[in-house]
Every structure is written in structure tokens, then in C-alpha cells.
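Residue numbering for the sequence shown follows full-length UniProt numbering, starting at 1 and increasing by one per position.
Down below is the structure, laid out as C-alpha cells.
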Amino acid sequence: MAMGAVRALWGAEEERVVGTQKAPGACPRCGGAVVATDVESERRILCLPLCLKSKRKYSCTRCLRRLVTLYS
1 MAMGAVRALW
11 GAEEERVVGT
21 QKAPGACPRC
31 GGAVVATDVE
41 SERRILCLPL
51 CLKSKRKYSC
61 TRCLRRLVTL
71 YS
């Protein structure tokens, strides 16, 4: 119960996938295709939006390894 109250006060981060697209290049580990995923993350404190961040995450479609995350 106490952890839930702390999380509500301190805030929670929610991520939402905006879109995906094929990225150039190949996975250095297995040689599979690379996918770029655009993600928006939002931190809230007491149900009020505090900040909104956009990220682009690159991952392999074959081995599902996360390659790079770029913040913008």
C-alpha cells in the first residue's frame, strides 16, 4: 500500500509507441533487419503531466536485441 502511494506522488512513466519503420543496415550480432520505433514517454506527478520525451529505439527483428536508443 505504501509503495502505491509513493508511486502516485512521485509519478509513473508511461510509454506509447507512435510508429515503426524499417531502418537501414543490419544487426551486428545476427545480420537481421533493423526496425526503428518512435516512442513518447510521459512522466506524471499527481495525475498532472510533467514532461514529454520522444525517443527512437532501434532493434533487430530476428534476435529482438535492442541496438540503440536516441533521445530527441
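Glycine included, C-beta positions come from ideal geometry on N, C-alpha and C.
Tell whether a beta-carbon distance below 7 Å holds between residue i and residue j.
i	j	result
Lys55	Val34	no
Thr37	Lys53	no
Three-state secondary structure (DSSP) at residue i?
i	result
Arg29	coil
Arg56	strand
Leu48	strand
Leu67	strand
Thr61	coil
Met1	For Met1, the predicted model reports a pLDDT of 49, less than 50, meaning its position is unreliable; a value from the coordinates is still stated below. The answer is coil: DSSP assigns Met1 none of H, G, I, E or B.
*So does the stretch 27 to 47 actually touch the stretch 56 to 67, counting three or more Cβ pairs closer than 8 Å?*
With a cut-off of 8 Å on Cβ pairs, the stretch 27 to 47 is in contact with the stretch 56 to 67, counting three or more such pairs.
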